[in-house]
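Enquirer: After the structure tokens below, expect a handful of questions from me.
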Amino acid sequence: MISVLGFCDHLAPAIAEGRLAVVELRQAGRVAGTLPTLANMGLMLYWHGELAAAKTVLLEAAELRDHMHGRGSSLLIDVNLGTVQRDLGEYSAAQQRLHALIEELALPAAEGGDTRTDLVIAQNHLAQLWLSLGQPGRALALLTADDADVALRLRARRVALRMRAARLSGSTDAALLTQAQAMLPAHESAFHRALLELEIACALPAVAALQTSQCFLNVGDVLARPGLHLHVATRGVAAALTLGDVAQAETLAAVATPLLETAAPFDIERAEVWLTLAALHRAQGRPETATALLQHGAQWLQDTAEQGVAAADRQAFLHGPGPNARLWVSAAAG
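What follows is the structure, given as structure tokens:
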């Protein structure tokens, strides 16, 4: 039931069902049934923005998997665990996990094994990590392999990440934009379509970007994922401010602000959220509030750099291409 509910985007009841199922399976001694339930529940918790709980569940699933079968099965557990660690700011641990997994999957995939899809998923997530660390070149290196034989959502994700790499480097790739737009009609999942459209919107005029935000703001697949809901609302705030529509920005910020208190941003950097809301505070004539928010963000970046980023990657994380550097400069300027 958890898998059916979760993949139909009824995440809260899926998680509740999963927790109950795990208790019942343990009481019955059904170890084999516990593993897939834990694995699915970890993914649902991640989508629902409960990252600490997702990490706990996925670590338990990985330990149980290794005890039952060894490393050779259920490797998507490691993909999801690495993704959760990345979004928690545990970048070094996530990078090591995802890199090791890619090496493990690459050989059988090259020999025609059935790991090709898992490999592309892992590459996509590691590429996103390198973008978060301000290293678009390393991200692009993971996105160059032929992907014609994988599902549309995975190919679209690679295109979106290539577009993001170009954006972080200060450019727009017109060919990628055209390719991304051509993929939209074939998307059946509102969730995956939203991820692609939000990246496309970053390359479009503010009027179109605001329309994209408004289109997805109340879509069920988005509402079920608080971090994605925050992403959608934040993009709308930014677009509204560009258009000079402070009232519309305030309306969308009323959605984003409470979500930021309870959920990790999904597919958007924390720094970008803080910068956007700080810009609104300044537009409202509240520079002190804007400064406090930016300084809070800068402290998070500093703490994360020291605790979650490898020493060799800290400079790029704080000062490389992307919103982190802009936040760092803005916070220092007051």
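When the letters of the sequence shown are read in order and numbered with the numbering used here, they come out as residues 30 to 363. For glycine and all other residues, C-beta sits at the position ideal for the given N, C-alpha and C. Predicted model only: the values in this text are computed from it and were never measured.
Is L213 closer than 8 Å to R222 when the C-beta atoms are compared?
Expert: Here residue 222 refers to the residue found at position 193 when the sequence shown is read from its first residue. Here residue 213 refers to the residue found at position 184 when the sequence shown is read from its first residue. In this structure, L213 lies closer than 8 Å to R222 by Cβ.
Enquirer: For the stretch 328 to 347 against the stretch 116 to 130, are there 3 or more C-beta pairs whose distance is under 8 Å?
Expert: yes
Enquirer: Just the C-alpha distance for Q152 and T112, rounded to the nearest angstrom, thanks.
Expert: Taking the sequence shown and counting its residues from 1, the one referred to as residue 152 is at position 123. Taking the sequence shown and counting its residues from 1, the one referred to as residue 112 is at position 83. Approximately 11 Å, taken between the alpha carbons.
Enquirer: Rounded to a whole number of angstroms, what is the C-alpha to C-alpha distance between A362 and A215?
Expert: Locating residue 362 in the sequence shown gives position 333, counting from the first residue. Locating residue 215 in the sequence shown gives position 186, counting from the first residue. Roughly 46 Å between the two C-alpha positions.
Enquirer: DSSP on D274, reduced to helix/strand/coil?
Expert: Taking the sequence shown and counting its residues from 1, one reaches residue 274 at position 245. Three-state result, D274: coil.
Enquirer: Do you know whose CA, among S359, P352, L183, lies nearest L162's CA?
Expert: By one-based count along the sequence shown, residue 162 stands at place 133. It is P352.
Enquirer: For L105, which of Q344, G78, R315, L148 has the nearest alpha-carbon?
Expert: By 1-based counting over the sequence shown, the position of residue 105 is 76. The option with the nearest alpha carbon to L105 is L148.
Enquirer: Just mark T63 as buried or exposed, buried being the case when its beta carbon has 16 or more other beta carbons within 10 Å.
Expert: Taking the sequence shown and counting its residues from 1, one reaches residue 63 at position 34. That one is buried.
Enquirer: Closer than 8 Å is the cut-off here; do at least three beta carbon pairs connect the stretch 259 to 271 with the stretch 228 to 248?
Expert: yes
Enquirer: Where do the ends of the alpha helix (DSSP H) carrying P42 lie?
Expert: Translated into positions along the sequence shown, residue 42 becomes position 13. Per DSSP, P42 belongs to the alpha helix (DSSP H) from 40 to 56.
Enquirer: Among Q313, E79, Q125, which one has its Cα closest to the Cα of L257?
Expert: Reading the sequence shown from its first residue, position 228 is the one you call residue 257. When only C-alpha atoms are compared, the closest one is E79.
Enquirer: Could you check what DSSP says for P234 in three-state terms: helix, strand or coil?
Expert: Indexing the sequence shown from 1 puts residue 234 at position 205. Of the three classes helix, strand and coil, the one that applies to P234 here is coil, per DSSP.
Enquirer: Are three or more beta carbon pairs between the stretch 165 to 173 and the stretch 183 to 203 nearer than 8 Å?
Expert: yes
Enquirer: Considering only their Cβ atoms, is the gap separating A168 from A194 smaller than 8 Å?
Expert: Along the sequence shown, read from residue 1 onward, the residue named residue 194 stands at position 165. Along the sequence shown, read from residue 1 onward, the residue named residue 168 stands at position 139. Yes, these two residues count as a Cβ contact at 8 Å.
Enquirer: Buried or exposed: where does P287 fall if 16 or more other Cβ atoms within 10 Å of its Cβ makes it buried?
Expert: Mapped onto the sequence shown, residue 287 falls at position 258. Counting Cβ neighbours within 10 Å, P287 comes out exposed, since fewer than 16 surround it.
Enquirer: Count the other CB atoms, across all protein chains shown, that sit within 10 Å of the CB of E217; report buried if there are 16 or more and exposed otherwise.
Expert: On the sequence shown, residue 217 is found 188 positions in, with the first residue counted as 1. By the 10 Å Cβ count, E217 comes out exposed.
Enquirer: Does any C-beta atom of chain C lie closer than 8 Å to the C-beta of N153?
Expert: Any reference to chain C falls outside this structure, which holds one protein chain only.
Enquirer: Between the C-alpha atoms of L88 and T144, what's the straight-line distance to the nearest angstrom?
Expert: Within the sequence shown, residue 88 is the residue found at index 59, counting from 1. Within the sequence shown, residue 144 is the residue found at index 115, counting from 1. Looking at the two C-alpha atoms, the distance is approximately 22 Å.
Enquirer: Would a C-beta distance cut-off of 8 Å place T318 and H310 closer than the cut-off?
Expert: Taking the first residue of the sequence shown as position 1, residue 318 is located at position 289. Taking the first residue of the sequence shown as position 1, residue 310 is located at position 281. Against a cut-off of 8 Å, the Cβ pair of H310 and T318 comes out as a contact.
Enquirer: Roughly how many angstroms separate the alpha carbons of V358 and A327, rounded to a whole number?
Expert: Taking the sequence shown and counting its residues from 1, one reaches residue 358 at position 329. Taking the sequence shown and counting its residues from 1, one reaches residue 327 at position 298. About 9 Å.
Enquirer: Going by the CB atoms, is the gap between D250 and R295 shorter than 8 Å?
Expert: Within the sequence shown, the letter at position 266 stands for residue 295. Within the sequence shown, the letter at position 221 stands for residue 250. One point to set straight first is that residue 295 is Phe, not Arg, in the sequence displayed. Their beta carbons are not under 8 Å apart, which means F295 does not touch D250 by this criterion.
Enquirer: Is A300 near L356, with beta carbons less than 8 Å apart?
Expert: Start at 1 with the first residue of the sequence shown, and residue 300 comes out as number 271. Start at 1 with the first residue of the sequence shown, and residue 356 comes out as number 327. In contact: A300 and L356 (Cβ atoms closer than 8 Å).
Enquirer: How many whole angstroms separate the CB atoms of L197 and L160, which I take to be in contact at a CB cut-off of 8 Å?
Expert: Translated into positions along the sequence shown, residue 197 becomes position 168. Translated into positions along the sequence shown, residue 160 becomes position 131. Sure, about 6 Å apart at Cβ, within 8 Å.
Enquirer: Could you tell me whether the Cβ atoms of A278 and A269 are closer together than 8 Å?
Expert: Here residue 278 refers to the residue found at position 249 of the sequence shown. Here residue 269 refers to the residue found at position 240 of the sequence shown. Yes. Within cutoff.
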